[in-house]
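Reading through the structure tokens given below for one structure.
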Amino acid sequence: MKWQSSRRSINIDDRRGMPGGSAAIGGLGSLLLALVVALLGGDPSVVLERGGEGNPYDSAPQASSEESDRTADFVAAVLGETEDTWNSIFQSEFGAQYQEPSLVLYSGVTQSACGTGRSAMGPFYCPADQKVYLDTSFFRDLQVNLGAPGDFAQAYVIAHEVGHHVQNLLGVSSQVQRAQQRISTAQANDLSVRLELQADCFAGVWANRAQRSREILEEGDIEEALNAASQIGDDRLQMESRGYVTPDSFTHGSSQQRAEWFYRGIETGDINQCNTFDVAQP
0 MKWQSSRRSI NIDDRRGMPG GSAAIGGLGS LLLALVVALL GGDPSVVLER
50 GGEGNPYDSA PQASSEESDR TADFVAAVLG ETEDTWNSIF QSEFGAQYQE
100 PSLVLYSGVT QSACGTGRSA MGPFYCPADQ KVYLDTSFFR DLQVNLGAPG
150 DFAQAYVIAH EVGHHVQNLL GVSSQVQRAQ QRISTAQAND LSVRLELQAD
200 CFAGVWANRA QRSREILEEG DIEEALNAAS QIGDDRLQME SRGYVTPDSF
250 THGSSQQRAE WFYRGIETGD INQCNTFDVA QP
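Numbering that gives the first Met the number 0 applies: residue 0 is where the sequence shown begins, and numbers increase by one.
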């Protein structure tokens, strides 16, 4: 990704290195298991509370100051790219002002308006404070443990979480939340899958528009993002964690679904093509 020339967002809240920024929440094995549980829609605190003593970062390589600065610079550039794209879309297609989210960088543990954020949860968006939360060690997990290397794979992760912010601004998230309170668990999971797949499609729309406007893509970038989307599919994670797959418990979508909806967004660049709630099978 050609991010070096991108405008840097000022909406970055860097909490790394702050007191209370990390906590002894178990070994690296517990961290990875909790990550899988969180991605599957479960409660990672159950794993973390049983993880034993020791800081998970004691057994993981620490980022150098130079690497940490470069990561922050990269994140600010990607967030800036999403701001430019969604500002344009909201103005031209909705006649509205896009409310830019903040992105919180942290290490280990941090507080959000949605509760305690832990690195084991992976990146997440909190609609209550309109912030994206990212422990940048997830980028290392994405490459080493989830088999999704590349800077555009990382950009896809950020764009996906910003996609949830767009859903929040459009009222989609609140509609889904209200509907989930009146239906069965399996039906509620289906709505969660559709919400996640729409965020994947929105990430693709961002990539398409940013490429058209500013030519940010390099050879292999789309493949990196498609690979990342498929590596964090519910079916793949369930098979790796427990050896079998239960589709009714999916909350993010299968590997095929995630890759297909991201590709739909990047192929069309049309937000109207991302209505995952208007198809029989997303």
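Ideal Cβ placement from N, Cα and C applies to all residues, glycine included.
The structure presented is a predicted model; accordingly, all values stated were derived computationally and were not measured.
Worksheet item: Taking the Cβ atom as the reference point for each residue, do residue 250 and residue 161 lie within a distance shorter than 8 Å?
Response: no
Worksheet item: Does DSSP put residue 244 in a helix, in a strand, or in coil?
Response: coil
Worksheet item: In angstroms, rounded to a whole number, what distance separates the CA positions of residue 254 and residue 90?
Response: 33 Å
Worksheet item: Would you say the stretch 217-236 touches the stretch 258-277, given that touching needs at least three Cβ pairs under 8 Å?
Response: yes
Fill in: Residue environment, residue 155, which counts as buried when at least 16 other CB atoms sit within 10 Å
buried
Worksheet entry | 6 Å Cβ shell around residue 149 - same chain, five flanking residues per side excluded | 223
Discussion item. Once the 5 residues before and after residue 243 are set aside, which same chain residues still bring their CB inside 8 Å of it?
Written reply: 237
Practice prompt. Return the bridge partner residues of residue 110 from the DSSP annotation.
Written response: 115
Worksheet item: Looking at C-alpha atoms only, which residue of 68, 171, 147 is the closest neighbour of residue 221?
Response: 147
Practice prompt. Provide the residue span of the alpha helix (DSSP H) that contains residue 155, from first to last.
Written response: 150-169
Fill in: Closest by C-alpha distance to residue 219, when choosing among 95, 151, 157
151
Practice prompt. Tell me where the alpha helix (DSSP H) around residue 200 begins and ends.
Written response: 184-213
Practice prompt. Rounded to whole angstroms, what's the CA-CA distance from residue 117 to residue 71? Just pull it up for me.
Written response: 19 Å
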